[in-house]
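Numbering (this note's numbering), first residue to last: 301 to 455. Right, one structure below, let's go through it.
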C-alpha cells in the first residue's frame, strides 16, 4: 500500500466516526479510531446508560469484521459485552447509526448480527472517500476568510 493512501483511509475513518459522534450529539471528543494495525476499530463512548444495564457505561464500537454494535463495559472497563449489532452495511450513513442507537436505547431494536468479514483493501478504499470533506459543509481553509469560501461565482 502507498503511505498516502493509508493516510487517507485513516483520516477517513476518523472523519466517519467523528460524524457519527456529531450525529449522536455526543459531548466532547470521546471517540477513538485506528486503522493500523488491523483490524480497523473505533470506539465511541456514549453519554447515557441503557435502562437494562444502569450500573454499566455504554459505548458504540465498530470494527471491520462486525460493523457497528452497542456494548456495555464491565465495572473495571476492560471487558465489553455486545448488546446489539446494527447488521447490514459495514459503513452505513451516520444518520442510520444514530437511528440504530436511539432504537437500542428505546428497547425497540433487536440484534441485526455482525456484518461478517470483509475485504480489507476494499474497506480502506471506501474509508479514503470519507477523507474528502462533505460537500454540504463550508470548509474554512487557513489564509482564506470564510466569506470567500462561501462566495459563489457571479455570472
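Glycine is no exception: its CB is placed at the ideal position from the N, C-alpha and C atoms. All figures in this text were calculated on a predicted structure; none of them were measured in a lab.
Rounded to whole angstroms, what's the CA-CA distance from residue 348 to residue 360? Just pull it up for me. Sequence index remark: in the chain shown, residue 348 carries index 48 (1-based). Sequence index remark: in the chain shown, residue 360 carries index 60 (1-based). About 11 Å.
Note down the Cα distance separating residue 367 from residue 387, rounded to an integer number of angstroms. Here residue 367 refers to the residue found at position 67 when the chain shown is read from its first residue. Here residue 387 refers to the residue found at position 87 when the chain shown is read from its first residue. C-alpha separation (whole angstroms): 7 Å.
Using CA atoms only, rank isn't needed, just tell me which of 353, 373, 382, 392 is closest to residue 427. Within the chain shown, the letter at position 127 stands for residue 427. Residue 392 is the option with its Cα nearest to residue 427.
Let me check understanding here. Comparing Cα to Cα, which of 346, 312, 415 lies closest to residue 459? The chain is shown from 301 up to 455; residue 459 falls before or after that span and cannot be answered.
Residues in the same chain with beta-carbon distance under 7 Å from residue 412, minus the five sequence neighbours each way, listed in chain order, please. Counting from 1 along the chain shown, the entry for residue 412 is found at position 112. If we look at residue 412 and ignore the five residues flanking it on each side, its Cβ neighbours are 385, 386, 387, 388.
Contact set for residue 477: own chain, Cβ-Cβ below 6 Å, skip 5 residues either direction: Residue 477 is absent from the model: the chain starts at 301 and stops at 455.
N-terminal and C-terminal residue of the alpha helix (DSSP H) that residue 423 is part of: Within the chain shown, the letter at position 123 stands for residue 423. Where residue 423 is concerned, the enclosing alpha helix (DSSP H) stretches over 420-429.
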